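Some notes on the structure that comes next.
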Amino acid sequence: MIGISIYNLIQELFPISRSITGDGVRKTLSIIKNSHLPGLKVHEIATGTNVEDWVVPEEWNIFDAYIKDVNNQKIIDFKDSNLHVVGYSEAVDKEISNSELQAKLFSLPDLANAIPYVTSYYQRTWGFCLSQNQRENLTDDSYHVYIDSKFHKGSLTYADLIIPGQSEDEIFISTYICHPSMANNELSGPGLGVYLAKWLGGRSNRYTYRFVFAPETIGSIVYMSENLNILKDNTIAAFNLTCVGDNNNTSFLPSRNGNTVTDKVSKHVLNFKKPNHVTYDFIKDRGSDERQYCSPAVDLPMVSIMASKYGEYAEYHTSLDNMDFISAEGLESTYQLHIDCIEILENNYYYESNIYGEPFLSKRGKGYMIVGGIENESSSSSQLILDVLSCCDGNKDIVDIADKLNMYAKDLFGIFDYLLNEDLIKVLS
Amino acid sequence: MIGISIYNLIQELFPISRSITGDGVRKTLSIIKNSHLPGLKVHEIATGTNVEDWVVPEEWNIFDAYIKDVNNQKIIDFKDSNLHVVGYSEAVDKEISNSELQAKLFSLPDLANAIPYVTSYYQRTWGFCLSQNQRENLTDDSYHVYIDSKFHKGSLTYADLIIPGQSEDEIFISTYICHPSMANNELSGPGLGVYLAKWLGGRSNRYTYRFVFAPETIGSIVYMSENLNILKDNTIAAFNLTCVGDNNNTSFLPSRNGNTVTDKVSKHVLNFKKPNHVTYDFIKDRGSDERQYCSPAVDLPMVSIMASKYGEYAEYHTSLDNMDFISAEGLESTYQLHIDCIEILENNYYYESNIYGEPFLSKRGKGYMIVGGIENESSSSSQLILDVLSCCDGNKDIVDIADKLNMYAKDLFGIFDYLLNEDLIKVLS
Amino acid sequence: MIGISIYNLIQELFPISRSITGDGVRKTLSIIKNSHLPGLKVHEIATGTNVEDWVVPEEWNIFDAYIKDVNNQKIIDFKDSNLHVVGYSEAVDKEISNSELQAKLFSLPDLANAIPYVTSYYQRTWGFCLSQNQRENLTDDSYHVYIDSKFHKGSLTYADLIIPGQSEDEIFISTYICHPSMANNELSGPGLGVYLAKWLGGRSNRYTYRFVFAPETIGSIVYMSENLNILKDNTIAAFNLTCVGDNNNTSFLPSRNGNTVTDKVSKHVLNFKKPNHVTYDFIKDRGSDERQYCSPAVDLPMVSIMASKYGEYAEYHTSLDNMDFISAEGLESTYQLHIDCIEILENNYYYESNIYGEPFLSKRGKGYMIVGGIENESSSSSQLILDVLSCCDGNKDIVDIADKLNMYAKDLFGIFDYLLNEDLIKVLS
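Residue numbers (our numbering), protein chains in the order written: chain B, 33 to 461; chain A, 33 to 461; chain H, 33 to 461.
Put into structure tokens, the structure is as follows:
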């Protein structure tokens with residue numbers, strides 16, 4: 033089961049301390065490239081570079097951090113969880129009173145054993161995150177706080193992989209690699225991306241595939257800015273991979289447009305395979321890199337097919353979004369949904385009938401006899417041939433036809449092959 | 033009542049042994065031509081002619097057939113019912129064992145007193161059809177089976193009738209004449225076709241009318257192939273006449289397109305006159321000559337307005353679909369539905385108002401006085417004139433306007449005449 | 033409260049005897065011009081002038097009228113109510129029998145204390161209106177009827193007011209001034225019109241505003257005919273002011289087209305401010321000057337936002353539609369609905385995003401930090417900025433965007449101003 037392989041990769045990447053810049057991202061991409069995707073290209077963009085409305089920030093690295101009590105005991109230690117430090121915290125090393133410390137702490141009263149995930153990328157500060165249970169034990173009058181972090185004019189790191197196909201038209205698959213140790217959001221996304229790329233790399237494809245592994249928001253803005261024309265001109269479908277790891281829910285976030293071929297194919301697959309999936313609203317519920325790629329002036333046909341959606345489960349953005357929250361079964365399920373979407377996109381065409389009236393199926397060994405209104409055994413496949421052909425008017429693609437027949441598009445591939453082989457239909461270019 | 037005349041014609045045609053070729057078709061068309069439609073043109077197309085994907089089959093005629101038991105008694109006799117022989121059976125004359133015979137028999141366990149209707153046009157074989165009750169009496173060890181039938185390179189017979197109108201645009205009405213002794217499917221169709229043609233022949237029409245009487249499937253493919261351009265270029269509306277004889281249901285099969293003027297007019301008529309009618313789906317439920325005429329590359333605007341639809345009643349394709357199953361009342365009802373559709377099509381135009389604001393109806397003797405919010409007696413017809421005029425924006429035909437006013441289109445003909453006479457509207461060409 | 037000012041103006045105009053022509057109209061327009069709208073232009077059009085399908089009728093004035101009983105007592109007196117005389121009654125002065133009189137009387141059995149409003153503009157007659165209670169007291173054998181009225185070749189009077197804006201595109205606001213002493217239908221309309229014009233006259237407007245005060249039907253046909261091209265070319269939105277005075281209901285009559293920007297804005301305002309409003313059907317329920325302005329060949333984008341709609345309340349067209357039926361609260365409410373529609377129209381544009389991806393809000397002091405999935409206090413306004421921007425694709429106006437966000441359009445004006453100031457969007461011309 034491929035879900036196990038994805039799970040194992042995620043487990044390997046889990047301990048690394050990632051942020052939007054820094055060595056954690058580099059280490060993550062290096063494992064992916066060296067062990068799985070040798071064709072992956074890693075890029076660096078220098079601190080201070082203007083990208084659209086943004087500026088690439090200083091690079092941030094962190095080496096150690098803790099809070100010590102009056103007895104010199106480390107009661108909060110970055111080595112226990114890289115979530116303990118607010119992302120992009122500046123260095124600090126001093127005694128402070130309990131009340132001063134409280135103003136620098138983040139915890140979740142309603143989820144008392146979870147360490148929250150907090151960042152402050154564009155406002156220089158420092159802080160610690162801890163569980164509410166830990167916080168309630170802080171009874172000393174003063175504490176020693178220590179963060180050994182460093183900012184410098186370095187670069188932001190991201191990577192892409194192009195798998196060429198017969199067409200220059202591209203299917204674009206994006207995922208992000210900027211979160212520290214959390215599993216559903218976000219490592220399930222890169223994990224799934226790696227295995228989709230491996231599967232596609234082993235096939236001959238109609239479309240070219242473009243995979244991007246970049247820090248969320250600033251990374252996708254960098255990537256979009258550097259590849260704007262090719263993304264806008266060539267992308268015929270796009271998927272954002274996020275929160276694809278658990279087995280509790282299936283969630284769908286449509287594109288901004290809502291009516292693209294990616295939306296159509298995804299809805300078809302989800303309606304057949306996950307009829308209980310929840311559909312969210314782009315404007316009200318968007319929250320990942322589709323905010324950039326689907327922005328009005330870019331307007332890529334990007335959707336997100338997810339398990340439990342970010343913001344919709346209690347463990348989201350906490351230490352409880354861990355390797356127990358996701359599962360090989362959940363990863364297998366979202367993998368299959370994406371594979372089905374891709375296979376349908378690869379086989380999706382508008383067909384036009386070549387024939388006036390119905391074909392003479394008897395001469396092809398596909399005829400049938402009607403007995404008192406009851407069809408005999410050979411008739412149902414013949415009927416399906418005729419039903420599909422009666423839909424081939426040049427205005428319907430495979431998904432439209434499958435929806436009209438209330439069938440799964442993949443189950444019609446053989447019928448379309450038969451009709452093409454018999455020269456009964458042609459592909460519209 | 034015209035339903036009685038149609039019923040009587042069907043009764044006259046009922047005993048004839050028809051198939052997709054042969055003298056039964058010729059005799060049927062000859063009665064129609066000689067007694068009702070002298071303008072009918074009968075055509076023959078030779079065995080072996082290529083038509084689209086098909087080849088015209090050998091002509092088949094049958095003269096006698098029976099099964100005799102060991103006592104030399106005819107226990108199944110073609111003279112009792114022409115349904116007893118599988119259509120297109122080859123000749124046979126021999127003793128066979130009971131078990132060999134069983135493999136050649138067709139009966140219906142769930143409808144024990146009905147002889148099923150079975151054919152094998154394109155796979156050479158022979159067989160008998162009988163009721164389940166008859167079959168259960170077959171206890172002898174062997175039987176003599178005898179079929180005196182003949183295949184030869186003859187021709188397939190069909191007929192058409194053109195009733196010229198002011199316009200070259202055509203309304204196309206098709207029905208089929210290839211079934212042996214069955215009443216709703218199929219003789220009700222030709223019966224209705226004859227009387228619609230007689231009614232139209234006695235009128236001056238806006239449109240040209242084309243009637244076709246041909247064997248189902250292969251006959252309609254022949255007709256379509258021989259008249260492809262004129263059918264595609266000139267047909268503005270089309271009706272397939274089938275299963276129009278009983279008084280139990282009203283059924284509607286839309287065109288493949290679903291959105292043609294024939295669909296619009298038919299739905300309007302059925303919604304007003306038969307609000308409980310059942311609407312079927314073209315892809316899932318089609319089954320008559322619309323399979324050819326509505327095929328994507330032909331795409332005629334053809335619908336079927338039916339009583340009990342083929343495949344949807346127990347007696348379908350059995351000896352119980354007989355003269356008791358249909359009725360003069362049922363035929364009268366479907367006749368009127370088709371007449372209404374035709375009258376609405378003949379009177380259907382897009383109108384545009386000639387006037388800014390409302391007309392001054394008082395000077396035309398159509399004004400009215402309002403009393404405390406209660407309209408007086410002359411006001412309702414005046415109101416209807418104004419209501420109709422307020423819809424004449426050039427984007428709505430008569431049916432659209434009638435639907436908007438929740439009225440029957442035929443009841444508005446007088447209003448449109450008034451508005452035209454008063455020069456308040458003009459017809460859009 | 034402006035509703036009180038409108039109420040007071042209506043009270044001043046209430047006693048005047050108006051009809052479609054005559055001095056009552058002139059006196060009404062004179063009060064409006066002299067006390068409120070000095071820019072109002074009063075026009076006269078001569079009896080006998082051809083306008084479209086109509087002819088301007090003779091001018092009618094009435095000076096006195098009564099019915100006297102055998103004791104010479106005035107039992108019905110025009111001085112008590114100008115509704116007592118059928119509009120456009122010819123002069124009469126004679127003794128008639130009780131039964132002759134009955135044929136000339138109008139009363140309402142189901143509303144026994146109401147005097148109905150009856151007119152006979154285009155059929156010369158005379159008559160009296162009275163309450164059913166009064167009528168039942170008429171037991172004398174004969175009565176003296178007296179109407180001192182006069183027809184002459186005079187003119188029909190109407191007025192308009194143009195408030196120029198930055199654009200030549202116009203918002204057209206029409207109301208009528210031909211009914212005698214009734215409050216909701218009709219004086220609420222002119223009352224509201226005056227105060228909308230005063231408010232607009234004190235502002236700098238994007239659009240030019242055109243107000244018309246004219247007798248219903250014949251007056252609006254005259255106005256339309258005299259200003260046809262400018263109305264058709266320049267009108268981008270239009271409101272008919274009628275029945276805007278009571279506080280019992282909110283009613284909406286869409287334009288004939290149903291899909292204009294006036295319809296869109298009005299529905300948006302009503303859905304937010306009056307979710308229980310009743311929407312009527314243009315064809316089935318129209319009944320005021322939209323019958324002219326929305327007629328197919330004119331087709332202005334005119335709607336009516338009303339309180340209790342004409343024809344839908346018992347007091348309509350009777351003496352009970354008086355100053356007690358309307359209220360300052362009702363007038364205030366419909367005033368605010370119209371103000372909101374106008375403010376939204378004035379601020380309505382199609383916007384296009386200037387930016388690829390999202391803007392960097394942190395550098396603008398609008399960034400925010402995410403804490404364990406819970407947004408902090410500054411985040412909701414930032415989120416709204418991003419939500420609105422994600423809708424600015426050039427295909428949605430402000431109302432479309434507000435509907436998409438389930439917000440009131442007026443509450444988004446500040447966001448659009450911010451985005452414009454930051455150069456993040458541009459207006460599509």
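C-beta: ideal position from N, C-alpha, C; glycine also. If you're wondering where the values come from, they're calculated on a predicted model, not measured in any experiment.
query: Identify the contact partners of W86 (chain H) in chain A, using a Cβ-Cβ distance below 7 Å as the criterion.; result: F392
query: How would you label K395 (chain H), buried or exposed, when you count the other beta carbons within 10 angstroms and need 16 or more for buried?; result: exposed
query: Could you tell me the alpha carbon to alpha carbon distance between E375 (chain A) and A229 (chain H), rounded to whole angstroms?; result: 54 Å
query: Any chance the region 449-457 of chain B sits against the region 385-394 of chain B, with 3 or more Cβ pairs inside 8 Å?; result: yes
query: By Cβ distance, which residues of its chain are closer than 6 Å to G71 (chain A), with the 5 residues on each side in sequence left out?; result: L193
query: Please report how far the alpha carbon of Y190 (chain A) lies from the alpha carbon of A246 (chain A), in whole angstroms.; result: 4 Å
query: Taking only beta-carbon positions, decide if G397 (chain H) is within less than 8 Å of chain B.; result: no
query: On the criterion of 16 or more Cβ atoms from any shown chain inside 10 Å, does D265 (chain A) qualify as buried, or is it exposed?; result: exposed
query: Since K436 (chain A) meets chain H, which of its residues come closer than 8 Å, beta carbon to beta carbon?; result: I315
query: Considering only their Cβ atoms, is the gap separating F284 (chain A) from L273 (chain A) smaller than 8 Å?; result: no
query: Who does Y367 (chain H) pair with in a DSSP beta bridge?; result: The partner list for Y367 (chain H) (beta bridge, DSSP) is empty, contrary to what the question assumes.
query: Pick helix, strand or coil for L45 (chain A), following the three-state DSSP scheme.; result: helix
query: Is N259 (chain B) helix, strand or coil when you go by DSSP?; result: coil
query: Alpha carbons only, please: which of H:P333, H:A434, H:M355 and H:E378 is nearest the one belonging to F46 (chain H)?; result: H:M355
query: Assuming contact is defined by CB atoms lying nearer than 8 Å, are V118 (chain H) and W86 (chain H) in contact in what I supplied?; result: no
query: Is I52 (chain H) buried or exposed, if buried means 16 or more other CB atoms sit within 10 Å of its CB?; result: buried
query: For R288 (chain H), which residues from the same chain have a beta carbon less than 6 Å from its beta carbon, with the 5 sequence-adjacent residues on both sides left out?; result: F314 and C326
query: What are the residues in the region 300-330 of chain H lying within 7 Å of chain A by C-beta distance?; result: I315, R323, Q324, S327, P328, A329 and V330
query: State yes or no: is the beta carbon of C424 (chain B) nearer than 8 Å to at least one beta carbon in chain A?; result: yes
query: In whole angstroms, what is the alpha-carbon distance linking Q415 (chain H) and Y382 (chain B)?; result: 40 Å
query: Given N279 (chain A), which residues of its chain have a CB within under 6 Å of its CB, disregarding the five upstream and five downstream residues?; result: S359, E361 and G362
query: Ends of the alpha helix (DSSP H) at S298 (chain H)?; result: V293 to K305
query: Does the beta carbon of D432 (chain B) come closer than 8 Å to any beta carbon on chain A?; result: no
query: Would you mind stating whether A346 (chain B) and V276 (chain B) have Cβ atoms separated by less than 8 Å?; result: no
query: If you run the structure through DSSP and keep just helix, strand and coil, what is H309 (chain B)?; result: coil
query: Is there a Cβ of chain A sitting closer than 8 Å to that of Q166 (chain H), yes or no?; result: no
query: Tell me the rounded alpha-carbon separation between N40 (chain B) and L393 (chain B).; result: 52 Å
query: Among the candidates B:Q368, B:N259, B:V293 and B:S252, whose CA atom is the shortest distance from the CA of K306 (chain B)?; result: B:Q368
query: Determine which residues share a DSSP beta bridge with V102 (chain B) and list them.; result: Answer by DSSP bridge pairing: none, since V102 (chain B) is not bridged.
query: Just tell me which of B:D429, B:G80 and B:C373 has its CA closest to the CA of L232 (chain B).; result: B:C373
query: Could you tell me if M256 (chain B) is buried or exposed, where buried requires 16 or more neighbouring beta carbons within 10 angstroms of its beta carbon?; result: buried
query: Expressed to the nearest angstrom, what Euclidean distance is found between the alpha-carbon atoms of F357 (chain A) and A215 (chain A)?; result: 7 Å
query: Figure out for me which residue from A:D96, A:Q43 and A:F138 has the closest Cα to the Cα of D125 (chain A).; result: A:D96
query: Note the first and the last residue of the continuous alpha helix (DSSP H) segment covering S220 (chain B).; result: S220 to G233
query: Determine the extent of the beta strand (DSSP E) in which F183 (chain H) is found, giving its start and end residues.; result: S174 to H184
query: Does the contact criterion of 3 or more C-beta pairs under 8 Å hold for the region 130-143 of chain B versus the region 164-172 of chain B?; result: yes
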